[in-house]
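Undergrad: Protein chains in written order, with this note's numbering: chain F, 624 to 737; chain Y, 41 to 153. We put the beta carbon where it would ideally sit given N, CA and C, even for glycine. Please see the structure below; I have some questions.
So, in structure tokens, the structure goes:
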């Protein structure tokens with residue numbers, strides 16, 4: 624079956640612009656996570672959804688970052704007024720249920736802010 | 041694709057040899073520890089996990105050892121193959137925090153022929 628997909632695979636934008644990154648989780652997976660990975664680092668947690676609600680958004684760096692999952696499936700990570708420091712690979716992962724240890728990752732969206 | 045781990049510690053092993061990748065973790069309250077493999081341009085891929093009440097777990101060609109006394113985790117890969125070349129991350133999980141993963145510093149494994 625299909626894995627987690629993310630679009631676009633690459634996004635180049637200018638400082639100050641708004642971007643949206645999309646994640647399609649594995650069908651039926653109720654838990655969805657966003658992580659950010661800078662070059663040479665491990666992924667860092669941003670936000671977790673259980674169903675439609677953001678159960679934990681403690682990893683979002685500031686209020687320029689926001690994520691939604693309106694129907695409990697597809698999620699969109701939104702970044703306002705992008706800064707060069709936002710450049711990273713944004714990874715999405717889904718898991719069949721809350722408390723499951725196995726998270727299935729998508730290939731990521733590489734965001735470059737010029 | 042994105043190049044991962046340009047500044048990471050590197051372990052070079054010959055094909056057929058065994059590899060040992062080490063990781064130090066920080067949270068003694070973590071319930072699980074997981075090893076992930078990440079190839080260039082791809083997301084992390086689950087390899088094996090271990091509960092905090094275990095000290096060893098074996099999978100296919102891989103073994104994870106957990107030493108809670110010194111907060112140390114290791115991944116052993118038997119008969120390393122070229123396809124094992126990747127960046128390896130350990131991650132710790134506290135199920136009380138919705139199973140979000142806290143990743144450690146990765147190690148790049150290079151398999152030479």
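(1) Give me the residue from Y:71, Y:128, Y:53 with the minimum Cα distance to residue 95 (chain Y).
(2) Measure the CB-CB distance between residue 690 (chain F) and residue 681 (chain F) and report whether it falls below 8 Å.
(3) Can you name the start and end residues of the beta strand (DSSP E) that residue 634 (chain F) belongs to?
(4) Would you call the segment 634 to 653 of chain F and the segment 83 to 103 of chain Y touching, i.e. three or more CB-CB distances under 8 Å?
(5) List the residues of chain F whose Cβ lies closer than 9 Å to the Cβ of residue 74 (chain Y), in chain order.
(6) Given a limit of 8 Å on CB to CB distance, which residues of the segment 132 to 146 of chain Y reach chain F?
(7) Which of the three DSSP states is assigned to residue 676 (chain F) in this structure?
(8) Measuring straight from C-alpha to C-alpha, what distance separates residue 135 (chain Y) and residue 52 (chain Y)?
(9) Among all the DSSP beta bridges, which residues are the ones paired with residue 654 (chain F)?
(10) State the Cα-Cα distance for the pair residue 143 (chain Y) and residue 705 (chain F), rounded to the nearest angstrom.
(11) Spatial neighbours of residue 58 (chain Y) within its chain, please: CB distance less than 8 Å, with the 5 preceding and 5 following residues excluded, ordered by chain position.
(12) Among F:737, F:736, F:733, F:725, whose alpha-carbon lies nearest the alpha-carbon of residue 85 (chain Y)?
(13) Can you name the residues of chain F whose CB is closer than 8 Å to the CB of residue 95 (chain Y)?
(14) What residues in the segment 102 to 120 of chain Y have a beta carbon less than 7 Å from any beta carbon of chain F?
(15) Using CA atoms only, rank isn't needed, just tell me which of Y:67, Y:48, Y:69 is closest to residue 12 (chain Y).
TA: Looking at the coordinates:
(1) For the purposes of this step, residue 95 (chain Y) is taken as residue 55 along the second chain, with counting starting at 1. It is Y:71 whose Cα lies nearest to the Cα of residue 95 (chain Y).
(2) Walking along the first chain from the start, residue 690 (chain F) turns up at place 67. Walking along the first chain from the start, residue 681 (chain F) turns up at place 58. The criterion of a C-beta distance shorter than 8 Å is not satisfied by residue 690 (chain F) and residue 681 (chain F).
(3) Taking the first residue of the first chain as position 1, residue 634 (chain F) is located at position 11. Counting along the chain, the beta strand (DSSP E) containing residue 634 (chain F) begins and ends at 633 to 636.
(4) At 8 Å Cβ cutoff, the stretches do not touch.
(5) Indexing the second chain from 1 puts residue 74 (chain Y) at position 34. Within chain F, the residues whose beta carbon sits less than 9 Å from that of residue 74 (chain Y) are 724, 725, 726, listed in sequence order.
(6) Here the close residues are 133, 135, 137, 138, 139, 140, 141, 142, 143, 144, 145, 146.
(7) If you number the first chain from 1, residue 676 (chain F) lands on position 53. Assignment of residue 676 (chain F) by DSSP, reduced to helix, strand and coil, places it in the strand class.
(8) Translated into positions along the second chain, residue 135 (chain Y) becomes position 95. Translated into positions along the second chain, residue 52 (chain Y) becomes position 12. One C-alpha to the other measures close to 34 Å.
(9) Your numbering for residue 654 (chain F) matches position 31 in the first chain. F:673, F:718.
(10) As a working note, residue 143 (chain Y) is residue 103 in the second chain. As a working note, residue 705 (chain F) is residue 82 in the first chain. Cα to Cα, the separation comes out at about 25 Å.
(11) Walking along the second chain from the start, residue 58 (chain Y) turns up at place 18. Annotation for residue 58 (chain Y): 116, 117, 118, 119, 120 place their beta carbon closer than 8 Å to its own, counting only its chain and skipping 5 residues before and after.
(12) Residue 85 (chain Y) sits at position 45 when you count from the first residue of the second chain. Here the closest residue by C-alpha is F:725.
(13) Here residue 95 (chain Y) is taken as the residue at index 55 of the second chain, counted from 1. Simply none; closest approach about 18 Å.
(14) Result list empty, no residue passes.
(15) Outside the shown range of chain Y, which is 41 to 153, sits residue 12 (chain Y), and nothing can be said about it.
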